[in-house]
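Residue numbers (our numbering), protein chains in the order written: chain A, 7 to 352; chain B, 7 to 352.
There are 2 protein chains.
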Amino acid sequence: MVEPELGARKIAVLHAVVEEYVRGGEPVGSETIAERSGLGVSAATIRNEMAALEELGYLMHPHTSAGRIPTDAGYRKYVDTLPPGGRLRDAQRRAIAGFFAETMVDLEEVLRGTTQLLSRVTQYAGLAVPPSGSDEPVLRTELVEVGNSLLFLVIGQHGRVDKTMIDRPDGLEDDALALLDRTLSDRFRGKTVADARAEALKAAPTAKPAERTLLLAAADAFGGIQTGAGAHLVLIGGVANLADEAAHWRRETVRRLFEALEHESEMLELLRDVTLLQDVNVTIGGEHPHTRDWEASIVSAPFRAGTTALGTVGVVGPTAMDYVTVMASVRAVARRLSELATEVDA
Amino acid sequence: MVEPELGARKIAVLHAVVEEYVRGGEPVGSETIAERSGLGVSAATIRNEMAALEELGYLMHPHTSAGRIPTDAGYRKYVDTLPPGGRLRDAQRRAIAGFFAETMVDLEEVLRGTTQLLSRVTQYAGLAVPPSGSDEPVLRTELVEVGNSLLFLVIGQHGRVDKTMIDRPDGLEDDALALLDRTLSDRFRGKTVADARAEALKAAPTAKPAERTLLLAAADAFGGIQTGAGAHLVLIGGVANLADEAAHWRRETVRRLFEALEHESEMLELLRDVTLLQDVNVTIGGEHPHTRDWEASIVSAPFRAGTTALGTVGVVGPTAMDYVTVMASVRAVARRLSELATEVDA
DNA sequence: CCCTAGCACTCTCCGGGGTAGACTGCTAAG
DNA sequence: CTTAGCAGTCTACCCCGGAGAGTGCTAGGG
């Protein structure tokens with residue numbers, strides 16, 4: 007950092023302001039901080055510190071005679087200077103442990119439950135990004151006749167199933183179809199979706215007409231899996247909690263937030279970067295291009311099987327959020343998910 | 007009806023009040039109605055009619071010197087006395103036609119698009135209930151080895167695919183598995199999901215241990231498909247529009263609404279009855295047990311393939327909703343969906 | 001040099017009072 | 001049965017003044 011380290015007491019004051027504001031939702035004054043921060047200095051001293059913090063852009067003033075509230079930068083500083091290893095309340099710890107004690111096999115189902123779990127534990131909304139499937143090797147593919155069309159199934163090594171409808175090429179006999187079914191499956195087995203797509207595109211030009219059509223359709227299908235078409239890109243749970251918070255927000259903010267939540271690909275982009283990071287990540291207010299003018303924050307963490315990143319879980323809530331608890335919850339859930347995934351994978 | 011038919015002019019006044027209130031969102035007075043209803047009577051006469059309508063429970067008074075607003079019963083009467091065959095604006099008609107001009111094969115994908123379409127056209131939120139799958143005959147089943155577990159796939163005659171993970175029974179050889187795969191598929195082919203489940207349960211007691219385990223697991227899987235476990239029971243689109251409306255509502259109402267939307271099974275129950283009805287159905291405010299204290303209404307209509315009911319589409323919005331447009335939109339979309347489904351099915 | 005007490009100042013929030021305006025309900029006449 | 005007129009009622013709004021909260025500044029003390 008170029009910026010000189012903030013004095014320890016300024017940090018302490020900032021923390022106190024953030025925590026008090028999150029607790030009460032109202033601007034906090036120097037007196038309150040002096041009483042509750044345990045710093046043992048007078049309100050006047052706190053006032054000086056707060057003025058300095060305001061000068062630095064970490065706090066702001068709704069009006070002259072009101073207390074201070076944190077700016078986005080203030081929350082950022084707060085989060086960045088948080089002591090590592092936040093605590094969870096027992097009830098929360100138990101809720102999380104209990105959830106993962108139930109055995110569930112289908113990952114998407116687990117993740118759906120996870121969003122509910124996170125929303126219950128944190129009182130905000132839970133998010134989860136399932137693995138994209140592009141990296142899951144193909145276990146086999148299958149071509150099934152359905153009515154006048156064909157159903158192309160791609161089954162992944164971990165049990166993921168994707169289906170795509172494709173037109174039946176003209177003049178394709180039933181036995182030729184059965185043969186092609188086996189040929190295709192053998193051709194793609196063990197490849198990742200991306201490789202399978204490449205393989206299909208490579209093989210197409212030299213194949214016979216009927217097969218060529220199918221190979222191209224298969225390539226499309228693999229492409230669709232890669233981009234997540236048809237699948238749920240982002241799972242969301244506990245929206246009702248957000249609706250409660252939303253009562254305090256500006257009307258326009260609420261609309262933007264819900265639009266973003268619904269526009270999954272935008273959300274995904276926001277969360278995707280996180281998959282690459284080690285631990286819990288926090289996006290505050292308008293820090294990200296996609297969150298301009300938000301009064302919301304996202305806390306997210308990746309989960310993995312072994313060392314391969316699988317997906318992301320997280321929480322959306324107001325910028326004035328109880329970061330300590332939320333970060334601890336998200337971390338705990340991501341860790342449990344990783345254990346679960348690693349275990350199943352082994 | 008036992009109740010004597012309301013006089014034609016009372017109906018006209020009620021319609022005028024509802025429409026004016028929906029347009030402006032504010033209580034409407036006798037003067038406004040006298041001017042715009044085109045009835046050619048004075049405000050005093052309107053006042054008498056309004057007093058009568060209030061006596062009958064169709065209108066209410068926020069306070070003495072305010073205009074009238076419709077009660078839930080008032081909206082109900084309004085909807086029930088609406089002339090048949092509402093008009094759509096050209097832009098809306100075109101949006102709907104345009105959407106269905108694109109060819110899409112996967113029904114769930116179409117329905118997801120439909121919710122967006124409805125929300126765009128009506129400015130409220132769109133709903134869709136996909137076919138439950140219980141009635142779709144089984145085309146084939148498949149048992150795939152995935153890691154240490156088995157993946158049980160059920161493929162329906164119209165291309166529906168359901169997957170369930172089941173534990174691999176101890177001491178089951180690979181070739182025995184392959185055999186069982188074929189046996190099971192033959193056993194269930196052509197049966198509806200409910201029948202397949204019964205069949206599995208019937209056959210289980212007399213089967214060999216390994217097969218018995220699998221049959222029971224299969225029965226569970228069919229049971230899961232029947233109850234819709236794992237699948238999306240209700241698709242929702244355009245929630246952001248609702249969030250906008252929600253700004254006017256009581257805080258508690260907003261929470262209840264979002265909770266209901268998220269609690270899919272409750273929503274489903276609300277919409278399921280509709281599937282049996284012929285045409286557009288409207289649930290206003292707290293008319294249904296699940297909508298106590300709502301300030302929201304649901305407009306929904308079933309869609310079919312030929313004569314078999316498939317599912318439902320609809321719109322959720324405030325009770326003060328533009329029923330004419332919404333009903334026309336929902337009707338148009340349901341009709342188009344039915345055409346599409348009937349055509350594909352043929 | 002930093003901290004603290006004290007103080008003047010500013011600005012919001014809240015309640016009161018008074019007014020304008022919107023509708024109604026009633027009455028009496030057509 | 002309809003209508004004009006009118007008195008009555010209630011809200012929404014504005015303005016005002018006081019209370020309270022919290023600040024910034026200054027001067028004195030460790």
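Where a beta carbon is used, it is the ideal one built from N, C-alpha and C, also for glycine.
Checklist entry - Which residues in the same chain as residue 3 of chain B place their Cβ atom closer than 6 Å to its Cβ, once the five residues preceding and following it in sequence are excluded? => result With chain B covering only 7 through 352, there is no way to say anything about residue 3 of chain B.
Next on the checklist: Please state whether the Cβ-Cβ distance between residue 153 of chain B and residue 251 of chain B is less than 9 Å.
Outcome noted: no
Item to check | Close Cβ partners of residue 348 of chain A (< 8 Å) along its chain, the five nearest in sequence each way excluded | outcome: 310, 311 and 312
Next on the checklist: Do residue 140 of chain A and residue 200 of chain A have their beta-carbon atoms positioned less than 9 Å apart in this structure?
Outcome noted: Against a cut-off of 9 Å, the Cβ pair of residue 140 of chain A and residue 200 of chain A comes out as a contact.
Item to check | Unbroken beta strand (DSSP E) run spanning residue 318 of chain A, endpoints | outcome: 314-324
Checklist entry - Looking at the C-beta of residue 16 of chain B, does it have a partner C-beta in chain A at a distance below 9 Å? => result No, no contact with chain A.
Item to check | Segment limits, alpha helix (DSSP H) that includes residue 72 of chain B | outcome: Counting along the chain, no alpha helix (DSSP H) covers residue 72 of chain B, and no H or E run does either.
Checklist entry - residue 3 of chain A lies in the alpha helix (DSSP H); which residues open and close that run? => result An answer regarding residue 3 of chain A cannot be provided, because it is not within the stretch 7 to 352 covered by chain A.
Checklist entry - Nearest-angstrom Cα distance between residue 144 of chain A and residue 108 of chain B? => result 31 Å
Checklist entry - Going by beta carbon distance, what residues of the same chain come within less than 8 Å of residue 68 of chain B, once the five residues before and after it are set aside? => result 33 and 75
Checklist entry - Using a Cβ-Cβ distance under 9 Å, would residue 7 of chain B count as near chain A? => result Confidence in residue 7 of chain B is poor, its pLDDT being 46 and thus under 50, which makes the residue's placement unreliable; the coordinate value appears in the next sentence. Chain A, which has no Cβ nearer than 9 Å to the Cβ of residue 7 of chain B, makes this no.
Next on the checklist: Considering only their Cβ atoms, is the gap separating residue 131 of chain A from residue 366 of chain A smaller than 9 Å?
Outcome noted: Within the shown structure, residues of chain A are numbered from 7 to 352, placing residue 366 of chain A beyond reach of any answer.
Item to check | Pairwise C-alpha distance: residue 105 of chain B and residue 146 of chain B | outcome: 32 Å
Checklist entry - What does residue 164 of chain A reach in chain B if we use C-beta pairs closer than 9 Å? => result 152 and 153
Checklist entry - Any chance the segment 36-47 of chain A sits against the segment 10-23 of chain A, with 3 or more Cβ pairs inside 8 Å? => result yes
Checklist entry - Based on Cα-Cα distance, which residue from A:70, A:315, A:268 and A:278 lies nearest to residue 118 of chain B? => result A:268
Next on the checklist: Using CA atoms only, rank isn't needed, just tell me which of B:238, B:168 and B:159 is closest to residue 317 of chain B.
Outcome noted: B:238
Item to check | Segment contact, 8 Å Cβ cut-off, at least three pairs: the segment 249-266 of chain B with the segment 258-267 of chain A | outcome: The segment 249-266 of chain B is in contact with the segment 258-267 of chain A.
Checklist entry - Got a sec? Which residues, its chain only, sit under 7 Å from residue 8 of chain B by beta carbon, not counting five neighbours each side? => result Residue confidence is low: residue 8 of chain B scores 44 on pLDDT, short of 50, so the model does not pin down where it sits. Its coordinate-derived value is still stated next. Cβ neighbours of residue 8 of chain B beyond the five flanking positions: none.
Checklist entry - Can you give the Cα-Cα distance for residue 339 of chain B and residue 299 of chain A, rounded to whole angstroms? => result 36 Å
Checklist entry - Taking Cβ positions only, does residue 260 of chain A come closer than 9 Å to chain B? => result yes
Item to check | For residue 287 of chain B: DSSP bridge partner residues | outcome: B:306
Next on the checklist: So, for residue 286 of chain A: in the same chain, excluding its five sequence neighbours on each side, which residues have a beta-carbon less than 8 Å away from its beta-carbon?
Outcome noted: Excluding sequence neighbours, residue 286 of chain A sits near 305, 306, 307, 333, 336, 337 and 340.
Next on the checklist: Taking its Cβ as the centre, do 16 or more other Cβ atoms sit within 10 Å of residue 208 of chain A, making it buried, or is it exposed?
Outcome noted: Residue burial annotation: residue 208 of chain A is exposed, with fewer than 16 other C-beta atoms found within 10 angstroms of its C-beta.
Checklist entry - Which residues bound the alpha helix (DSSP H) around residue 134 of chain B? => result Premise fails: residue 134 of chain B lies in the beta strand (DSSP E), 131-135, not in any alpha helix (DSSP H).
Checklist entry - Where does the unbroken beta strand (DSSP E) through residue 173 of chain A begin, and where does it stop? => result 167-173
Checklist entry - Quick one: which chain A residues come within Cβ less than 8 Å of residue 160 of chain B? => result Correct list: empty, because the minimum Cβ distance to chain A is about 11 Å.
Checklist entry - Where does residue 137 of chain A land, buried or exposed, given buried means 16+ other C-beta within 10 angstroms? => result buried
Checklist entry - So, helix, strand or coil for residue 298 of chain B, using DSSP? => result Here residue 298 of chain B carries a coil assignment [DSSP, helix/strand/coil].
Item to check | Rounded distance between the beta-carbons of residue 125 of chain A and residue 292 of chain A, thought under 8 Å | outcome: At roughly 23 Å, the Cβ-Cβ gap does not stay under 8 Å, so residue 292 of chain A and residue 125 of chain A are not in contact.
Checklist entry - Who are the neighbours of residue 145 of chain A on chain B, taking C-beta pairs under 8 Å? => result 150 and 152
Checklist entry - residue 165 of chain A: buried (16+ other C-beta within 10 angstroms of its C-beta) or exposed? => result buried
Checklist entry - Who are residue 148 of chain A's beta bridge partners in DSSP? => result A:159
Next on the checklist: Quick check: is the beta carbon of residue 132 of chain A nearer than 9 Å to any beta carbon in chain B?
Outcome noted: Interface with chain B (9 Å Cβ-Cβ cutoff): residue 132 of chain A is excluded.
Checklist entry - What is the DSSP secondary structure of residue 327 of chain A, reduced to helix, strand or coil? => result coil
Next on the checklist: Taking beta-carbon pairs under 8 Å, can you tell me which members of the segment 264-286 of chain A lie near chain B?
Outcome noted: 264, 265, 267 and 268
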